[in-house]
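Per our numbering, the sequence shown starts with residue 7, numbered consecutively. From the three backbone atoms N, C-alpha and C, an ideal C-beta is built for every residue, glycine too.
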Amino acid sequence: MTESPSPLRRALEPLLRGFTRLHRWIYLRSGGRVGRRMTGPVTSMLLHTTGRRSGQRRSVALAYTDDGDAFVVVASNFGGERPPGWLLNLEGDPRAQVNIGRRSVAVTAEVLMPGAPEYERVFQVANKANRGIFERYRATMTRPLPVVRLVPDRR
């Protein structure tokens, strides 16, 4: 059974979204010199996708973790019931670019849904690296919680 989000969480959500936009702006403006580390061991990247409707470049700062050569992000949208726009963009075009610090990497997205062979293993890698937040989100959500592996292109 899913729990409904607490009033505190609902009140804090606009602040989290504002912080995310500020974080993206700082990361972009500093050329990756500032913004890679979030809190404690959590690391962040900039993910650049192509808008599925507009065709324009879209950028978002996301917490990520490594999984072998790939990078893992979770499409949690702060535990919200709607999937994040960047996930919908990757479903439209899985080719993307990531910035990790000052390094830029072309990647291809592999969206893993619950029930996929690698899903639970990859989910637990991301959840552990992010101090259990994704498990807490999953407990309150009714939609499936996708995990995305961003695999570097071998060009």
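Distance CB(residue i)-CB(residue j) smaller than 8 angstroms
i: Leu52; j: Val111; result: no
i: Val113; j: Val79; result: no
i: Val154; j: Ala115; result: yes
i: Pro150; j: Leu118; result: no
i: Met147; j: Gly61; result: no
Candidates the options, of which the one nearest residue i by Cα
i: Thr55; options: Thr146, Arg127, Asp99; result: Asp99
i: Tyr70; options: Ser82, Ser60, Arg59; result: Ser82
i: Gly74; options: Arg127, Gly61, Leu93, Gly57; result: Arg127
i: Pro89; options: Arg160, Asp159, Arg144, Ala17; result: Arg144
i: Asn136; options: Ala17, Arg109, Thr49; result: Thr49
The alpha helix (DSSP H) enclosing residue i, as first and last residue numbers
i: Asn95; result: 91-98
i: Arg101; result: Segment 101-106 is the beta strand (DSSP E) holding Arg101; no alpha helix (DSSP H) there.
Span of the beta strand (DSSP E), counted from its first residue to its last, around residue i
i: Thr56; result: 49-56
i: Phe77; result: 76-80
i: Glu126; result: From DSSP, Glu126 is part of no beta strand (DSSP E) but of the alpha helix (DSSP H) over 125-135.
Nearest-angstrom beta carbon gap, residue j and residue i [assumed within contact, 8 angstroms]
i: Asn95; j: Gly57; result: 6 angstroms
Inset, instruction - Please confirm if the segment 60-67 is in contact with the segment 131-140, defined as three or more CB-CB distances below 8 angstroms between the two stretches. - result: no
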